[in-house]
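First to last, the protein sequences are chains A and B.
When we follow the working numbering, the leftmost residue of the first sequence carries the number 9, and every step to the right adds one.
When we follow the working numbering, the leftmost residue of the second sequence carries the number 2, and every step to the right adds one.
Written below as C-alpha cells is the structure these notes are about.
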Amino acid sequence: MNIRRILIANRGEIALRIARTCSRLGIETVLAVSEADRGSMPTRHVTRVVCIGPSHPSGSYLRPELLVQAALSTGCDAVHPGYGFLSERAAFARLCEKHRLIFIGPTSDQLATAGDKLAARVTAVEAGVPVAPGAEVQSRQSAQEFAARVGVPLLVKAAGGGGGRGMKLIERADQLDAALELAAAEAGAAFGDTRLYLERFVSRARHVEVQILGDGCGNVVHLGERDCSVQRRYQKIIEETPAPGLPSELRMQLHHAAMRFAARLKYRGAGTVEFLVDVTRGEFFFLEMNARIQVEHAVTEAVCGLDIVEAQIAIASGEGLRLPRGEAWREGCAIECRINAEDPERDFAPSPGIVKSVRWPTCDSLRIDTHIEAGSAVPPFYDSLLGKIIAHGRDRAQALARLRAAVTMTRIEGVATNLGLQAEILSDPEFVSGGVDTGYFARLLARRPVYAGAVVHG
Amino acid sequence: MNLSAREIAEISRLLEDSSFDELELEIEGGLKIYLRRGGARPSPLPASAQPVAAANAAAASTANAAVPVEAVSIADPALIAVRAPLLGTFYRAPRPGEPPFIEVGKSVEPDTTVGIIEVMKLMNTVRAGARGVVRQICARDGNLVEYGETLLTIEAREPA
Chain A
9 MNIRRILIAN RGEIALRIAR TCSRLGIETV LAVSEADRGS MPTRHVTRVV
59 CIGPSHPSGS YLRPELLVQA ALSTGCDAVH PGYGFLSERA AFARLCEKHR
109 LIFIGPTSDQ LATAGDKLAA RVTAVEAGVP VAPGAEVQSR QSAQEFAARV
159 GVPLLVKAAG GGGGRGMKLI ERADQLDAAL ELAAAEAGAA FGDTRLYLER
209 FVSRARHVEV QILGDGCGNV VHLGERDCSV QRRYQKIIEE TPAPGLPSEL
259 RMQLHHAAMR FAARLKYRGA GTVEFLVDVT RGEFFFLEMN ARIQVEHAVT
309 EAVCGLDIVE AQIAIASGEG LRLPRGEAWR EGCAIECRIN AEDPERDFAP
359 SPGIVKSVRW PTCDSLRIDT HIEAGSAVPP FYDSLLGKII AHGRDRAQAL
409 ARLRAAVTMT RIEGVATNLG LQAEILSDPE FVSGGVDTGY FARLLARRPV
459 YAGAVVHG
Chain B
2 MNLSAREIAE ISRLLEDSSF DELELEIEGG LKIYLRRGGA RPSPLPASAQ
52 PVAAANAAAA STANAAVPVE AVSIADPALI AVRAPLLGTF YRAPRPGEPP
102 FIEVGKSVEP DTTVGIIEVM KLMNTVRAGA RGVVRQICAR DGNLVEYGET
152 LLTIEAREPA
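What follows is the structure, encoded as C-alpha cells:
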C-alpha cells in the first residue's frame, strides 16, 4: 500500500467503518469533524481528529477547501469521502487531484458524467444498456410531441438531480406543462441546472442495483446485485442480496449491463449501477450510477466475504482489482435494516437528541454498523441514520429470521426510532414472500392502523 | 528520527514538572517539538483539544512537524479567547519576515487584525473582536489551527 494516512471526509457510521478497515490495514486516519461531532464515537477510533468548522454541514462537511486543507496540513496522502456530503462532487475530486491527494473514488471526470443524468443516459445507450424511452426537454413543443408518442404515465427528471429531487410524475397529458415549469424551477433552485428530460414511468418496478469494482483501465468485476425496493420517498429502508425471485437469465443480464456501463467509463473504484426491473415483462432500465460506496454495501460484503473499503483503497493505491475478472464468489443471503432516528408515528419526523441507552444483539451471523452508544448526541444537522443491522444466512428465510430476531432484541432509548416499523415489515407476509416493488412501503403505510400521538418515546 | 507518542508524553511530563514555561526541542532529521505550558496544571483538556497521545501519534511521524502540546485554560473571566473562525494555517504576520500583527502586551480594538488564517491560498483576516490587552498568544505561526481553537487571549479593558 502506498497510502499511509487517510483523511476521512465524513461522519457517522461510515466514518467509523472506514476507520476500522484502515486500522486493520495499518493505515493512519485523520477524521475531519464539525463542532457537533467533536465527541462522536468515530473520534475515538482514528489516529487524529481535526475540527474543520461549525455544526451545520454548509460550514464544514460540504466545504471542499476546508477538507483539502485539513488533509494537506495533517500530512494525509489520500481522502476517503464516504457517502453523501462531497462524495460525488466532481469539484471536490478535482481539488484533491490538483493537490496530489489520492481521492479514494472515481476520477473527477467520471463523477461529472455519472452525476449528470443526461450524460449518464448517453453513456448507457453507448454501452448497450437499456434505458426507459426518454428525451431531453428542448422546448415545450418537443416535450408534447414526446408525450404524444410514448403516452402517460411519464416522469420529468432534472438532469443534475438525484434522490428524487426535481422529479415529477405526469399521469395525464394535460399535467405536462405545469409539471415542466415546476420541475425546472425546483431543479434550478436545488442544482443550479434547469435542464430536464422526460422518461416513461415504469410503475410496478423493483429497484435492483449491481455493485461493481473497476480498476480505472477498463477492467470491471461485479459483486452481485442488491434489491432495494423497500423505499420511502426514494429513501431505501431495507436492502438484500441476492434479489429474491429474479430469473437467473435476467440476473445475469443485469450484472453484464452494469459491467458494460462501468467499463465504458473505464470506471475506477467501487460503484453501483441502479436499475428499475419489471420482472413480469422481463425488462429492465438504467436508472443511474452511484459513484461512491453505498450505505447498503455491507450486505454484499456479507455474501462475498470481502471488504469493499479495502478494495477501494487497493484500487486507489494502484494495486488493481485483486479479483479474477468477471464475478466474485458469493454465498448465502444477507438482509439489512436501516435504523433511523425518526418517528414513523409522526410522519417520520427526525428525532434528534441524546441517546440514553443502546443495546444491540450479538450473534455470529449478525453485523451491526453504528456510531451511537449511550450518551451519543444525534445532532439535528445530519441524516438520521443510527446504524444498520445486517443478517446473513444460508438462504433468505434464515437471514430474515435472524434479522427479525435481531431487530426485536435491539433497544434504543432517548430518541424515537423506526425499529418497531422495521419489525412490522420483516413480519409482513408480502415482504416475507419476497420480490416487492417500490410501491410496497407506501401501500403498507396506507393499510396500517394510525395511532399518532399514542406512543411515548424515551 | 521519529518519536513515539509515549516519548512525547514523557517529554511533556518533564516540562510539566520543571520550572519552565516553554520547551523547544530540535532533533537532527528535521523533527521539531514545541511545548508550552498553558496554565498552572494542564490536566482537564478543553473540549476542543485533542487527546495528547492520539494527536501526537499522527503528527510525530511527519517531518518538520511542530507539535504544540498545550492546554489553554482560561479560568480568569477577564480573559477573552480569540478563537479560529475556520480551519487553516495561522500566520502572525502579513508576510514572512515582516513583524507580527500583535505581540503580548499590545492594546487592541475589536477590529484590530491579530492574524491570518490561510485556507487553500485564500487569506482570511482574524480580528480581535474585543477591546483590551493581548495576554497570551497560543497559536504558533505557520501551524494548522482547527475551527474554534484559541489563537490568543485578551484581557478585556473598558474604553477610557
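Every residue gets a Cβ at the ideal spot worked out from N, C-alpha and C, and that includes glycine.
For clarity, every value in this text was computed on a predicted model and none was experimentally measured.
If we cut at 9 angstroms on Cβ distances, does residue i have a partner in chain A?
| i | result |
| --- | --- |
| B/V135 | no |
| B/E150 | yes |
| B/E159 | no |
| B/G89 | yes |
| B/L123 | yes |
| B/L80 | no |
| B/E147 | yes |
| B/V120 | yes |
| B/V70 | Reliability of the predicted coordinates at B/V70 is poor, the pLDDT of 39 falling under 50, and the value obtained from them is presented with this limitation in mind. Closer than 9 angstroms: no. |
With distances taken Cα to Cα, identify the nearest neighbour of residue i among the options.
| i | options | result |
| --- | --- | --- |
| A/G401 | A/R456, A/E381, A/T308 and A/F294 | A/T308 |
| A/A192 | A/P89, A/K165, A/L177 and A/V210 | A/K165 |
| B/A115 | B/Q137, B/I12, B/E8 and B/L123 | Note on residue identity: the sequence assigns Val, not Ala, to residue 115 of chain B. Looking at the Cα atoms, B/Q137 is the closest of the given residues. |
| A/G232 | A/G253, A/E105, A/F356 and A/W337 | A/W337 |
| A/H230 | A/H263, A/T202 and A/Q149 | A/H263 |
| A/A342 | A/R97, A/A405 and A/G383 | A/A405 |
| A/H6 | A/T378, A/A407, A/A413 and A/D372 | Absent from the structure is residue 6 of chain A, since the part of chain A shown begins at 9 and ends at 466. |
| A/E349 | A/A424, A/A99 and A/A120 | For clarity, residue 349 of chain A is Ala in the given sequence; the question names Glu instead. Cα-wise, what sits closest to A/A349 is A/A424. |
| A/F199 | A/Q118, A/E353 and A/G174 | A/G174 |
| A/R330 | A/L394, A/L221, A/S435 and A/L453 | A/L221 |
| A/L24 | A/P89, A/N10 and A/Q77 | A/P89 |
| B/N144 | B/K107, B/L80, B/T90 and B/V83 | B/T90 |
| A/A454 | A/R240, A/R289 and A/I316 | A/R240 |
| A/K396 | A/D403, A/A409 and A/I380 | A/I380 |
For a cutoff of 9 angstroms on Cβ pairs, would you count residue i as touching chain B?
| i | result |
| --- | --- |
| A/I16 | no |
| A/E43 | yes |
| A/V58 | yes |
| A/A78 | yes |
| A/L190 | no |
| A/S116 | no |
| A/E73 | yes |
| A/S68 | yes |
| A/P457 | no |
| A/R259 | no |
| A/H81 | Residue identity differs from the one stated: residue 81 of chain A is Ser in this sequence, not His. Judged by the 9 angstroms Cβ criterion, A/S81 is in contact with chain B. |
| A/G34 | no |
| A/L434 | no |
| A/G328 | no |
| A/P62 | yes |
| A/L254 | no |
| A/L429 | no |
Given this structure, state the Cα-to-Cα distance separating residue i from residue j, to the nearest angstrom.
| i | j | result |
| --- | --- | --- |
| A/G279 | A/D223 | 11 angstroms |
| B/A59 | A/L374 | Bear in mind that the predicted position of B/A59 carries a pLDDT of just 39, short of 50, making it too unreliable to give a figure here. |
| A/R13 | B/Y148 | 21 angstroms |
| B/V105 | B/P78 | 18 angstroms |
| A/L284 | A/E304 | 17 angstroms |
| B/L88 | A/D391 | 24 angstroms |
| B/I12 | B/D112 | 39 angstroms |
| A/D286 | A/A213 | 5 angstroms |
| A/E105 | A/Y91 | 19 angstroms |
| A/A387 | A/L94 | Sequence inspection shows Pro at residue 387 of chain A; the Ala mentioned does not correspond to that position. Approximately 19 angstroms, taken between the alpha carbons. |
| B/L123 | A/E73 | 10 angstroms |
| B/P86 | B/T126 | 10 angstroms |
| B/E119 | A/I26 | 29 angstroms |
| A/L162 | A/L177 | 6 angstroms |
| A/A467 | A/M297 | Nothing in the structure corresponds to residue 467 of chain A, since chain A is present only between 9 and 466. |
| A/G447 | A/V210 | 11 angstroms |
| A/G326 | A/G443 | 39 angstroms |
| A/F269 | A/G226 | 10 angstroms |
| A/A299 | A/E339 | 25 angstroms |
| A/L393 | A/G313 | 24 angstroms |
Return the Cβ separation of residue i and residue j in integer angstroms, given the expectation that the two are a contact with Cβ distance under 8 angstroms.
| i | j | result |
| --- | --- | --- |
| A/E421 | A/S365 | 5 angstroms |
| A/Y205 | A/G142 | 6 angstroms |
| A/R71 | A/S48 | A/R71 to A/S48, Cβ: 18 angstroms. No contact. |
| A/Q430 | A/C345 | 5 angstroms |
| A/A155 | A/A195 | Not really, about 19 angstroms apart at Cβ, beyond 8 angstroms. |
At least three beta-carbon pairs within less than 8 angstroms, the region 245–253 of chain A to the region 316–333 of chain A: These segments do not touch.
Contact the region 152–161 of chain B vs the region 123–134 of chain B: 3+ CB pairs below 8 angstroms: By the Cβ criterion, the region 152–161 of chain B is in contact with the region 123–134 of chain B, since at least three pairs of Cβ atoms, one from each stretch, lie closer than 8 angstroms.
Any 3 or more C-beta pairs closer than 8 angstroms across the region 32–43 of chain A and the region 70–87 of chain A: Touching, yes, given that three or more Cβ pairs across the two stretches are closer than 8 angstroms.
Contact between the region 136–148 of chain A and the region 289–303 of chain A (3+ Cβ pairs under 8 angstroms): As far as the Cβ criterion goes, the region 136–148 of chain A touches the region 289–303 of chain A, which means the pair count is three or higher.
The region 233–243 of chain A in contact with the region 204–218 of chain A per 3-pair CB rule at 8 angstroms: As far as the Cβ criterion goes, the region 233–243 of chain A touches the region 204–218 of chain A, which means the pair count is three or higher.
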